[in-house]
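Okay, structure first, notes after.
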């Protein structure tokens, strides 16, 4: 079969990204069946998934570790593109950068969902970074939060956008 002379194992990363993405979608769908996006019950629902749902702990850990594997493949994929000079294809490269930022934002919203003390703090601190934008920063933060503090509206929005 005809193949480029520079083909190597680095070119498998796109396929691995596809497999990781499918694992994320499937496990995320099963997790969403049992998750409740309410500030009072979110952490309890994650505990319920791990303890009471058949193989719920496996699904949760596959989703968490699958996300880590997804990002490893993603960064290696970007590294391969940089090594082979794919950044010269500016339109394709810029679409990839936009996709990278979208994936990072989606992962951040998923990190917040268990609604434990650390994820609550992370949501507050990272979204508060937007307040550094002149003129509209504070309004933007309040709009994302759905009020003057991180609360139920924030959790519901993050779940909707992560899903």
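Numbering (full-length UniProt numbering), first residue to last: 1 to 163. Where is the CB? At the ideal position from N, CA and C, for every residue including glycine. Since the model is a prediction, treat every value here as computed from it, not as a measurement.
- It is roughly 7 Å from the alpha-carbon of residue 155 to the alpha-carbon of residue 113.
- Residue 128 carries a helical assignment under DSSP once its states are collapsed to helix, strand and coil.
- Here residue 22 has no same chain residue with a Cβ atom under 6 Å from its own Cβ, once five neighbours each way along the sequence are excluded.
- With 16 or more other Cβ atoms inside 10 Å of its own Cβ, residue 67 counts as buried.
- Here the alpha carbon of residue 5 sits roughly 36 Å from the alpha carbon of residue 62.
- The three-state reading of DSSP puts residue 54 in coil, since its state is none of H, G, I, E or B.
- With a beta-carbon spacing of about 20 Å, residue 37 and residue 148 fall beyond the 8 Å limit used to define contacts.
- Excluding sequence positions up to five before and after residue 124, its CB lies within less than 6 Å of the CB of 150, all in the same chain and listed in chain order.
- Taking a 10 Å sphere around the C-beta of residue 24, we find 16 or more other C-beta atoms and assign the residue as buried.
- Taking 8 Å as the cut-off, the beta carbon of residue 80 is found closer than this to the beta carbon of residue 13.
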